[in-house]
Every structure is written in structure tokens, then in C-alpha cells.
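S.K.:
Protein chains in written order, with my numbering: chain A, 21 to 531; chain B, 9 to 352; chain C, 97 to 467.
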């Protein structure tokens, strides 16, 4: 009780203590305004207040900005320079000669505050009641480079960066169409993350769009750190292992999804964009599929699905067969299996769990290691530990093979979240198989299936085109039909305009 | 379909010998006729289920009684098939597990799938259908040991045994009376008749394949000895990489059985929730499953009891699925005639 | 949230409950690969089994036990007393029957548990041992793989080359129950080595009546229409003038490529008539007499004559023993149902009285690579 009483202070109901919005307006006295600024931004050493005299009107002025998040060159060359040194004879209305594109006027303090925090610079002029806001923001950013996780062989080597505007620009690069509409929303009390929702206005389903906007507007948090957090807030089924929104770092992939009729949400400060609504098969596609020829692409797609099933069921099948149904194995294999399992003191499911958990730990540790150490540890760890474990009699060599195959199969899946989902699903399957053998596997598959067909992504069925069976969509699911055979957008996006290409069959094929 | 097919060849052979396959064709014909009659009845009242139709024509109390009868019928049917499924699993795959543990295990996906609306059930059945299509192909493999001579001569004992066996094979075709309830949910009602005919034909093809396969594989003198010839037949399959396929096959077959059991369970709770007036099926379903579990724990089932219950249900099924629609259709048609005459 | 709690609760419940239905992992089992049934001198039932040993420390790789028991299932408890792991019958590859067992009539009922218990594998090959079963089951040659593997592959290969019938338990069951067919089982004998000697023929009650040699077994398979890919005959050309000499100069070996046989069933003059027309396409693979001695057409005729006479001998043997390993009862039932129904119970006798006619038609497809 004592323990609880100490922490009995109720947290304040509002999340920010100093949330009082300043009600006042900009005054015409320069010094008052400066005093106000300094009281808002106390303990802010990067605040720069530059007093100047505007040459044109000879009035006192002060330019205020936060150093570090503004582009100094722009300020010096395009704001300070014209203001200080230009003096032209025509007495036009535009007496403040600032050669910038984006200029705003305001007289409310909240706007000024957020402008300064956004990296814009504010100009106060004596005897004038408006403040001028110039867009000079330049947050630190990194150059455009290739994505690490979603790299492709043939496709473009461009990945999204952390700046929302740049990301929108990258998408605009692919779609030069006036129907590409962008909606801007701001989420988060303290973080004020900017979101851009991109879609094709004549293609996308308006209900889905509205659903997405509603969900985003309902979010009430301090800040959205990255796109993954946002995705978790707007998902339909947060308790499902399967991801219902696709996160990607590639502009070409995002653009192609917009063209299919889906909606892309760019989150400022995050290199991932959210694509929704998606279906299950979207997680198995990569850009390489479309850059290669259709036979190769189909083969690799099939292999991915095969890898998916293998990653979920292989360890469980091994456990089921060894524990319950050894009759299924042909005789010669049985003899060698028996000989190898004979030295192992553990029952099969414990052996499987040990190996699987070890592999998961190795994998997770491998992410943290720098590349140079990582490779050595990987080889040494994998080979030596595996071999040593077999020799010591802790696991059988067949188990090592099973685990290795499972790991390889789970890495085939292009999307990282789906791969993680599979890794998680594997364990309940193993438990079921160790309890009930093949029947347990079947029941597990039933549960998975039952869960899967009820999933929805932003209101559209997730399992399409398999669960609600939509045959026209099958052209791009298990096999990739040649490009000239796919003329319509997928039915799963519920797009309102379906045709994306006319018949484009290559001439050589015609008879 | 489902559990019936496992013992079907033996039951047919017991009564009709190797001409049993003709029984199936006759049953198919009858079942299709009955389904079409049901569709015709439902056309008169397209936006409600059979219960609404009965209430409309006969009044509230008859409607209530009909709901209770249907609920009991479906409940019993679901019970029989569910327990039979568990018994089969225990007999063939997991001999050391208790039946109630299996019932508990199978209840989990049943609860998860059947508690949502009919959409999900439809998607599930569709998917399972395509996924288990390969099992039929596996059936063609033991045919290399086949002796087609077993089927000859045709009609050796005459028509009488065939006609008397029809009532045994009807059980496998039962299930189309769900159309009574599904009709209002259909979006393309004109395709309903087509759909029903195709469904029955698919059942026919599957049964025929299994039965004829069993007949040509086993000698007519020995087929009556095997309890489940369908599964036994698969025991002879031996590939280089896998043997004893019947275990794998039967585990997959659980999917097909579940597509039979789940609609029946859904129908049961649909009827009971109509009685109470709520739309939420999940509580009723949970109750139903718990009752099943309790029944299995308190009265451990055996094959004999289950077969006995199955025969009771068969008789009820013949009435509800064949006689009842016929009478109802007649009544509705006559009613329509009178109405027209009254309007004139 | 409530749903998740319920699910977790259920899982725990199941986990606790399932400890009742325990499973035994692979290495703790004694997997019987060979099962033997025999009678000793006092007509006591002797059951023997052989299973591999997985332990690396053990010197022998196979353990074999033989004991007296009342039935196959009853013997399991005695085997359990002797072996390390739980004895399981799910993988039995070979079933050996001693010939003494076949000399009695109603032995088939011992095998009841094999069919009744679903865990038994029904693909077990059935082999008759000409002699005591212990000869074979304890045999451990140094130059062969484990006995179960060796026997199974040997019988499969022999069946593939159409020298012996393929009898699994499934087929045996069918042959025993089918009224229009009598069983035939492969036979092995151990002299210095194990070898296949042909096929044992049983009558409709299961009693042993006769054996067929390997060559005759091929003929039986052709009559049954169960011949596999390769059927080879070596035929002496008796009509040639010279004697064979040391190098058997009047022998000819043919390889039968395709066999088309048709059976016509009739019922005339109070008995059945079966008319076999067999058309064979053959390739000559070995010709020990010089080229040109006999023309192709004459060759064909000679082969036909020889095969016809061999078939006649085989059929005479069958009819004398009043059995029907060919399965002509099936044809009779299919085409002459009413007549068949009258004699169904004693089909062997009816077949002995019937008329079986075999005519062979040979077509030489090629003489091979040399003339």
C-alpha cells in the first residue's frame, strides 16, 4: 500500500503544462515583440535575434530564427541582403524586398511560435502589426541512397529519406498527373508530425479514403516518431500477427501502388511510407518481379509462397512426424533418422525449441553487430555451434537442417514485417504439433485460416484474391502473367476506375 | 458430405452389392429435385429465411415452433458429425488421446470461424474446396490395382435392392436444406438454382469416384468386412518419399468435414438467436460448444451409439429435406392460385 | 482482450490434458520390421520378430526374438519383456509364413489383428518359407544390407521382372475372401543363401497344394494379366536337328514387350469355357544357334508351339489341384452370373471341370543389334 501511495499524485489531465495559448496579437512596438519572443523561448541558446535597419524604409526591424534548423545561406542572401542593402526608387507596395518564394504574414503568436519551431524566420518591423514569416527551413537530412532491406537488382536504387517534402517529390517524379492529390494532415501534440496522403482522385475509392482520414484524425498522442507507430494506431486488427498496412522505403513501389488504386501516406521524419489498403499478396511482391521477365518472376513468386509455407510448417511437421507418425517415413530414411536421434536425450519438441530460439537470438544479435564482426560471428557461430551441438549430442543433424531451411525460407519473404509474423506463428504451430501430431497441424492451419479470412485492411478484405475468391486478380498473385496480359487494376482495391492499359500484346506473338 | 463418405461404400455394398453406385445417382437426382423445390419456395419470399416465410403464411406461433424444430435438427446433425469426426480421429490417427480432448481441440477453430457472419463461412468453404481438390486426384492412384470386373454384371440382383438402399445414401447428400436459410443473403438470386445444381453435382461426382473406386479395388466378397473402405484404400499408396498416406490424407480431410459441420453449427445458433431475438451468435455458439463438451465428457461416445443416432437423424432428414419442401411448395402454389383468383 | 485470455486458458487446459495421451518419440520404440509365423514340431504357434537396433554401442545392428504365443497380439507382451523400447508394428515390411502353417486349413484367422488394427501397415509383403521360419529370420549374411531391406527389395525386384507375384497383405486378404480366386504367395528357401524359388499355390481354404517354379510363375502372371515390364523366356528349339551340346546351341531367349490377352467366357454343355487369346510382341535378345538356320516365320511358329505347350502344362497342374490362381472366377461372375452363382462355393472344382484354351500369337518385333 505504501508503495502505491507514493505514486498517488494524479497526472495532470492535460498533457502539456504550459499549454496556455497566448491570446494576444503582435504589438506595434518592436521591443514588446522581442520581449515576448524571449519569454517564450527562454533557455533556447540557438535562438538568433538580428536587429537591422531596413534600408528602403529606414525602419527598425528584427529577424528571429533558430540557428541550425534554418538555411543560413538563404537567410543571408535572400532575406538579410535585400533588406539591408537594396534600395530602389519605385515606391511600390512591396516595400520589403525579400527574394523568396514563400512569404506569409501573420499577427497571432501561436503561428509565429510554430513558424520559428519549424525553421522559418520571422521578421518584426517597428510600427507594424504584422510579422512576416519567411520559409527558410533546412533540417539536417541525409542524401538519397539505396534501401538496405528492400534492395533490388534491376530496379532504381533510390530510397525515401526522412524529409516529407522530398518523399512527396520522389513520388511525383513517377506520376506526372494532375489527378495525384495530396492531403496534408498534422498529427501529434508535441511532435506535430506532418502527414501527406497521396492518391489518384479519379481512381481511388472515396469510402476507403474517408475511412483512412477518419482514423488519422482520431489519433491523440504526443508525437508520432515514425511511420510504424502511425500504422499501429490506424490498423484494423492490432492483435493479429499479420501486418495489415504495408511499409516501404521505395518510391517506385509506392508509386506503382498508387497507380493500382491504393493510398500512400508519407510521414514526415520517417523513411517509411504507409500503403493501405493492402492484401496479403502485396507482401510478396518486389520491384524485381516487374523488372524481370515473366517466367523468371513467376518462378520466384512461387518460391516465395512455398517458402512461406515451409517457414511456418516445417519444424512443426518434423516434430509431428518424429513424435507421432513415424510410419509416414520410408524405411531407409527411418533407419538413419533413428540412428541420429538415438543419441539425443531430449524429446523432439524440446530439441526444436532450443534450436529455433537459438537461431532467433543469433539473428537478432546479428542486426546489432557491425558488418565486419558480423560476418565472422555469423560463419563461426553458425557452423561451429551447429556442428558442436550435433557432436555433443544436444540436437540431431536432421534438426539442424530443418532449422536452417526454415530460416532460409523465412528470409525469402521480401517484407520484413511479414517475415517477423511468420517467425512468430511458427511457435504455436510447433506447440500444437507436439501435442497432437498431424491433427494439431490441421487444427492450427484451420485457426490460421479462420483468422486470415476475417482480416480487413482499412475495410477491404485482406485475404483477397484468395479468401473472397476473385479470379481476375490471380494474374498477379502466384504467377506474374506477362505485362501485356494485365490490363486492369486489382479488384481488391475497390477502385472506381479499373482500366490501366489497353491491349499491348507484342507484335511478334500474333499469328 | 464429410463423414458419410468414409463408410459409404461399405453401407452401399451391404445392401445393394456392387450395383451400389447406381444408388448414388438416384439419390443425386432426388436431392437436386428437392433443392430446386426449396429454391422455388424461397422465391416467393426473397428477403427472409424460411422462418420468416412460415411466420408470414402461418402466423407467429407456427414460426416459433418451426424455429425450434430446425434448431434441434441442426443441433443434432452437427452433434452427430462432430462426434463422429472425433471418433474417427481417435480410431485412425491418435489412438491414445481421449475423445473429449479432441472435441475441445476442434472447438477452437469452430468457434472462431462460425461466430462471425455468413460471409466468412462462405469464404472459408470456398477456400477449403480449392485447397482439398488434390485429394480427389490422389484417389486415382490406387486404381492401378483395380479390377473393373467387379462391377459386372450390372443389375445382377435387379432393381429392388437398389431402391431400398436409397434411404441409406441420402444422409450424405443432406445439407441442402441450409438453402432455406441462405437464400436472403444471396446477392445474385437468379443464379441460386444453378448454384444448387452444381453443388449437388459436385457431391455426386465425389461420391461416385469414391464408391466406384472402392468397388473395383476390393472384391465384392470382402468389401463388407472393412468398416471404412475409403481410408483403407489409401493405405496401399507408397511413394519413394512418403508412405502411409492415409494419415496425411485424413488430416487434410478434416478440413472437408469441417466445412460440413460449421454450417450446421452456424444454423443452429442462427435459429436459437432468432428465438431470443438477438443478432449476436457468439454467445450461443460458445454455449453450444460447451454443451457438446459436457455431453462427451459425461457420456463417452462410441461408434455404435453414434451410428444409431445417425440413423435417427437420417429419418428426420428425409422428412425435413424432402417431404417438407414438397408439401410447402404445394401449399404455397395453391395459395398463390387462390390469391390470384381473389384479386380477379 | 477477453478473447485472448480465453484462448490462453484453453491452450493451458489442453496442454495439461494432453499429458494423458502421451506420445513416444522415435528412438524409444522398437520398430518391428519382420514378423514371422510358424509352427514347431508339436504344432505350437511360434511368433518371431526382428527389429533394428539404433544404439551405437550395441554390437549387433538387428535384434531378433522368437517365442511361443497364443496369437500375434498376445506375443506383443512377451516381446515387450525382451526388447528395449515399445514394440510397434507400424512398419512391418515382411511377413514370413512357415510352410508348416500352410499345411493346415484355417490358418488365416491368425492374421486377424493385422487387418483389424489400423496401425498395421497393409503393404507388408507376404512370403512363404520353404522350411522353418527361424532359418530365414536369424540369417545375417555379411555381404547384404539388413534382412528386411534385402527381402523387400528382392521381392519387389522379382515382381518387377515378372518372376513372382506381388503379395501384400492387402492382396492376400482379397485373394482369401474372393470366391472366384485362390491365393498364391511368393516362396523362398534357405539353402546356402536365401533365394526365391517361385510361387506357392493354396486352395480356397488356405491349404498348400503346390508350387510353381520361377519360369512357370511368369506364365501365371501373363495369364493373370499382371505381368510387369520385363518378361523373358528362354526357349529351347526342340525341333532343330542337332543336339544342344555343351553350349546349348538350340536355345533362344526372347524379351516380351507387349502382351495383349483376351478372355472369352462361355457356358456350354454344363461347363465353362475360357478362351485365351494372347498376342505377344517380342524381341530376340539371345540366339545361340547360327544365323540363317531358321527363318523368322518359323521362329515365330516354334516359339508359339513351345509357349502353348508350357501353358498347357501349367493349366493342367492348376486343374488337377482344383484351384484357380488365375482368377477366372471373376470373369465367370462378370459374364455368366447365374451359372457362377450356382457353383460359387466350390469354384475350384468347377474350374477343374471347365475347358481352358490358350492360344498364343507371337510377333517378332526385332532381332536386336546384330543379325
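Ideal placement from N, C-alpha and C gives every residue a C-beta, glycine not left out.
Under 6 Å Cβ to Cβ from residue 453/A, same chain only, skipping five residues before and after it: list those, please.
M.R.: 336, 339, 340, 460 and 461
S.K.: Mind the definition here: the stretch 47 to 57 of chain A touches the stretch 130 to 150 of chain A only if three or more C-beta pairs lie below 8 Å; say whether that holds.
M.R.: The stretch 47 to 57 of chain A vs the stretch 130 to 150 of chain A: in contact.
S.K.: Could you confirm whether any beta carbon from chain B is found closer than 8 Å to the beta carbon of residue 219/C?
M.R.: yes
S.K.: How about residue 39/C and residue 370/C: do their beta carbons lie closer than 8 Å?
M.R.: Chain C is shown only over 97 to 467; residue 39/C falls outside these bounds and no answer can be derived.
S.K.: For a test of the three-state rule: what should DSSP assign to residue 248/B, helix, strand or coil?
M.R.: coil
S.K.: Going by the CB atoms, is the gap between residue 263/A and residue 438/A shorter than 8 Å?
M.R.: yes
S.K.: What does the alpha-carbon distance come out to for the pair residue 385/A and residue 429/A?
M.R.: 19 Å
S.K.: Just by C-beta distance, which residues in the stretch 331 to 349 of chain A are closer than 8 Å to chain C?
M.R.: 342, 343, 344, 346 and 347
S.K.: Who are the neighbours of residue 258/A on chain C, taking C-beta pairs under 9 Å?
M.R.: Neighbours of residue 258/A on chain C: none; closest Cβ ~11 Å, over 9 Å.
S.K.: If you drop the 5 nearest sequence neighbours on each side, which residues of the same chain put their C-beta closer than 8 Å to that of residue 179/B?
M.R.: 12, 318, 321, 322 and 325
S.K.: By the 8 Å beta-carbon criterion, what residues does the stretch 145 to 166 of chain C contribute toward chain A?
M.R.: Going along the stretch 145 to 166 of chain C in chain order, one finds 148, 150, 151 and 152 with a Cβ nearer than 8 Å to chain A.
S.K.: Enumerate in chain order the residues of its own chain whose CB-to-CB distance from residue 269/C is below 7 Å, with the five nearest sequence positions on each side excluded.
M.R.: 211
S.K.: What is the DSSP secondary structure of residue 304/C, counted as helix, strand or coil?
M.R.: strand
S.K.: Skipping 5 residues on each side, what residues in its chain have a beta carbon closer than 8 Å to that of residue 239/B?
M.R.: 14, 100, 254, 257 and 258
S.K.: Could you tell me which of 105/A, 80/A and 412/A sits nearest to residue 361/A, measuring between CA atoms?
M.R.: Of the listed residues, the one whose Cα sits closest to residue 361/A is 412/A.
S.K.: Start and end of the beta strand (DSSP E) containing residue 377/C?
M.R.: 367 to 383
S.K.: Candidates 146/C, 248/C and 213/C: which alpha carbon is nearest residue 291/C's?
M.R.: Of 146/C, 248/C and 213/C, the residue nearest in Cα terms is 248/C.
S.K.: Residue 355/C bridges to which residues according to DSSP?
M.R.: 376/C
S.K.: With a CB to CB cut of under 7 Å and the five nearest residues on each side skipped, what residues in its chain are close to residue 497/A?
M.R.: Closer than 7 Å at Cβ, skipping near neighbours: 301 and 485.
S.K.: Residue 179/C CB to nearest chain A CB: under 8 Å?
M.R.: No, no contact with chain A.
S.K.: Measure the Cβ-Cβ separation of residue 150/B and residue 26/B and say whether it is below 8 Å.
M.R.: Against a cut-off of 8 Å, the Cβ pair of residue 26/B and residue 150/B comes out as no contact.
S.K.: DSSP puts residue 70/A in a beta bridge; with which residues?
M.R.: 83/A
S.K.: Using a Cβ cut-off of 7 Å, pull out every chain C residue sitting near residue 367/A, in sequence order please.
M.R.: 121
S.K.: Using three-state DSSP, classify residue 174/A as helix, strand or coil.
M.R.: Of the three classes helix, strand and coil, the one that applies to residue 174/A here is coil, per DSSP.
S.K.: According to the neighbour-count rule (16 or more other Cβ atoms, all chains shown, within 10 Å of its Cβ), is residue 256/C buried or exposed?
M.R.: Residue 256/C counts as exposed, since fewer than 16 other C-beta atoms from the protein chains shown sit within 10 angstroms of its C-beta.
S.K.: When you compare the CB of residue 275/C with every CB in chain B, is at least one pair closer than 8 Å?
M.R.: Closer than 8 Å to some Cβ of chain B, the Cβ of residue 275/C qualifies, so yes.
S.K.: Leaving out the 5 sequence neighbours to the left and right, which residues in its chain are closer than 7 Å to residue 395/C when beta-carbon positions are compared?
M.R.: 460
S.K.: Which two residues bound the contiguous beta strand (DSSP E) that contains residue 451/C?
M.R.: Secondary structure note for residue 451/C: its beta strand (DSSP E) is the uninterrupted segment 451 to 462.
S.K.: Between the stretch 273 to 301 of chain C and chain A, which residues of the former have CB atoms less than 8 Å from a CB of the latter, in chain order?
M.R.: none
S.K.: Can you give me the C-alpha to C-alpha distance between residue 113/A and residue 221/A, rounded to a whole angstrom?
M.R.: In this prediction, residue 113/A has a pLDDT of 47, which is less than 50 and means its spatial position is unreliable; what the coordinates show is noted afterwards. So the two alpha carbons sit approximately 39 Å from each other.
S.K.: Which residues in the same chain have their Cβ closer than 6 Å to the Cβ of residue 446/C, if we skip the five residues on either side of it in sequence?
M.R.: If we look at residue 446/C and ignore the five residues flanking it on each side, its Cβ neighbours are 439.
S.K.: Does the beta carbon of residue 229/B come closer than 8 Å to any beta carbon on chain C?
M.R.: yes
S.K.: Could you tell me whether any Cβ in chain C is nearer than 8 Å to the Cβ of residue 256/B?
M.R.: no
S.K.: To the nearest angstrom, report how far apart residue 300/C and residue 453/C are at their CA atoms.
M.R.: 23 Å
S.K.: Measure the CB-CB distance between residue 189/C and residue 244/C and report whether it falls below 8 Å.
M.R.: yes
S.K.: Relative to chain F, which residues along the stretch 170 to 203 of chain C have a C-beta separation below 7 Å, given in chain order?
M.R.: No chain F appears in this structure, whose protein chains are A, B and C.
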